[in-house]
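Peer 1: The numbers in numbering that gives the first Met the number 0 rise by one with no breaks, and the one at position 311 of the sequence shown is 310.
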Amino acid sequence: MIVAMQEKATEEQIDAVIDAMTEAGVEVHRTTGESQTILAGVGPTASIDLSKFEILPGVMRVHRISSPYKLAGRGWRPEGTVIQFRNGVKLGGERIHAMAGPCSVESREQMLETAQRVKAAGGAFLRGGAYKPRSSPYSFQGMGIPGLELMREAADAHGLLVVTEVMEIAQIEPMLSYVDVFQVGARNMQNFNLLRELGQIRKPVLLKRGIAATIEELLLSSEYILSGGNYEVILCERGIRTYETATRNTMDISAIPMVKKLSHLPIVADPSHGTGRRDMVAPMARAAVAAGADAILVEVHPNADKAASDAAQTLYLDQFDQLMKELRLIATAVGRTM
Ligand code: PEP
Ligand code: MN
């Protein structure tokens, strides 16, 4: 950490700041120039709330140098994390993957047809919610375990991996046998108890960025899972809430290269929730692949307009097929495969 003192800071004020830093376990290196003193601190700054130094008399500014997340930071695994699944699929490597399926699991026919088409188009993961975090308690809440059974059956029939949302700790255990990737939804990104518990299992977790979360907050949330010893965390940009109302959310494409720079974890882009509009999904998916996403997550449905949830942003299966063809071209252009 760096503490820049004000030009008129007195020796007493400087000493008081040095004492406060030392007391917090930080080793202080002082530099005094012609008009200003800079205090460089080395130590456990990740666990210290630096704002308490900012309010000390004579302090002008406090900067954090090292990142507050240790295990999620790029420095911990500079080569990047590649998650290997039991069927050989690798996420985070040179190959870009697609995770596709309906917002909600609704029926056996829906899941079987979707799985067949996702596989045929080149997808590796079947997504779908059996537990749905709906904004209204009166909206369809998901099928629960029977939905997971349908999803597993459809995925197995076509050699796909299952990605599905877990909403609370009590669901983890009963879900384990159906799931390949536990999704934590945007609304639960800061459900720290749930994240800690997911740190105890040994299955990948796809952590979605919260609706109003910064990239730093996303990475700090991932730290809750990583620090439990579960190193298989996949991050997901799914749009954030801004003042813009033309789209459901603002798809933050810049978060993709930023996360890549800051972290070693794979990053997935979800242009479905990122835009909320079927006509915007393909352009944002193309942009995400160009920007370096390791996978795209999109909502698709055989009868998209009739989907029980998120119909307006759901692609028809033919549209998904077309999108995959386009993404493959872009992947090649950025030196990857899909
Ligand atoms: C979903 O994937 O269907 C979902 C609810 O996503 P989010 O948590 O990003 O809103
Ligand atoms: Mn959805």
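All residues carry an ideal CB built from backbone N, CA and C; glycine is no exception.
Computed from a predicted model, the values in this text were never measured in an experiment.
Considering only the beta carbon of each residue, do GLN312 and GLU298 sit closer than 9 Å?
Peer 2: Here residue 312 corresponds to residue number 313 of the sequence shown, with the count starting at 1. Here residue 298 corresponds to residue number 299 of the sequence shown, with the count starting at 1. Going by C-beta atoms, GLN312 is nearer than 9 Å to GLU298.
Peer 1: So if DSSP puts SER103 in a beta bridge, which residue, or which two residues, is it bridged to?
Peer 2: In the sequence shown, counting from the first residue as 1, residue 103 sits at position 104. Note: SER103 sits in a beta bridge opposite GLY128.
Peer 1: So MET283 packs on GLY273, CB below 8 Å; how close in whole Å?
Peer 2: On the sequence shown, residue 283 is found 284 positions in, with the first residue counted as 1. On the sequence shown, residue 273 is found 274 positions in, with the first residue counted as 1. Sure, about 6 Å apart at Cβ, within 8 Å.
Peer 1: Quick one: what's PHE181 bridged to in DSSP?
Peer 2: For the purposes of this step, residue 181 is identified with residue 182 of the sequence shown, where counting begins at 1. Answer is THR163, VAL204, bridged to PHE181.
Peer 1: Quick one: does the C-beta of SER176 sit closer than 8 Å to a heavy atom of the ligand PEP?
Peer 2: Working through the sequence shown from its first residue, we reach residue 176 at position 177. Checking the Cβ of SER176 against the ligand PEP gives no.
Peer 1: Under 9 Å, do ILE224 and LEU261 count as touching if we go by C-beta distance?
Peer 2: One-based indexing of the sequence shown puts residue 224 at position 225. One-based indexing of the sequence shown puts residue 261 at position 262. No. Outside cutoff.
Peer 1: Helix, strand or coil: how does DSSP classify LEU49 here?
Peer 2: Taking the first residue of the sequence shown as 1, we reach residue 49 at position 50. LEU49 falls in the coil class under three-state DSSP.
Peer 1: Would you check if the region 121–139 and the region 159–169 touch, i.e. whether three or more CB-CB distances between them fall below 8 Å?
Peer 2: Contact between the region 159–169 and the region 121–139 is present, because at least three Cβ pairs lie under 8 Å.
Peer 1: Taking the C-alpha atoms as reference points, what is the distance between SER135 and MET59?
Peer 2: As a working note, residue 135 is residue 136 in the sequence shown. As a working note, residue 59 is residue 60 in the sequence shown. So the two alpha carbons sit approximately 46 Å from each other.
Peer 1: Find out if the Cβ-Cβ distance for the pair VAL16, MET0 is shorter than 9 Å.
Peer 2: Taking the sequence shown and counting its residues from 1, one reaches residue 16 at position 17. Taking the sequence shown and counting its residues from 1, one reaches residue 0 at position 1. Their beta carbons are not under 9 Å apart, which means VAL16 does not touch MET0 by this criterion.
Peer 1: Only counting runs of 3 or more residues, tell me where the beta strand (DSSP E) segments fall wholly within the region 50–78, in order along the chain.
Peer 2: Complete beta strand (DSSP E) runs here, min 3: 58–62.
Peer 1: Can you tell me where the alpha helix (DSSP H) with GLU26 in it begins and where it stops?
Peer 2: For this step, residue 26 is matched to residue 27 along the sequence shown. Here GLU26 belongs to no alpha helix (DSSP H); instead the beta strand (DSSP E) covers 26–31.
Peer 1: Can you say whether THR44 is buried or exposed, counting buried as having 16 or more other CB atoms within 10 angstroms of its CB?
Peer 2: Walking along the sequence shown from the start, residue 44 turns up at place 45. The residue is buried, with at least 16 neighbouring Cβ atoms inside 10 Å.
Peer 1: Can you tell me the Cα-Cα spacing of ASP309 and CYS102, whole angstroms?
Peer 2: Walking along the sequence shown from the start, residue 309 turns up at place 310. Walking along the sequence shown from the start, residue 102 turns up at place 103. Straight-line Cα distance between these residues: approximately 6 Å.
Peer 1: Grab the span of the alpha helix (DSSP H) containing MET150 for me, first residue to last.
Peer 2: Within the sequence shown, residue 150 is the residue found at index 151, counting from 1. Per DSSP, MET150 belongs to the alpha helix (DSSP H) from 144–156.
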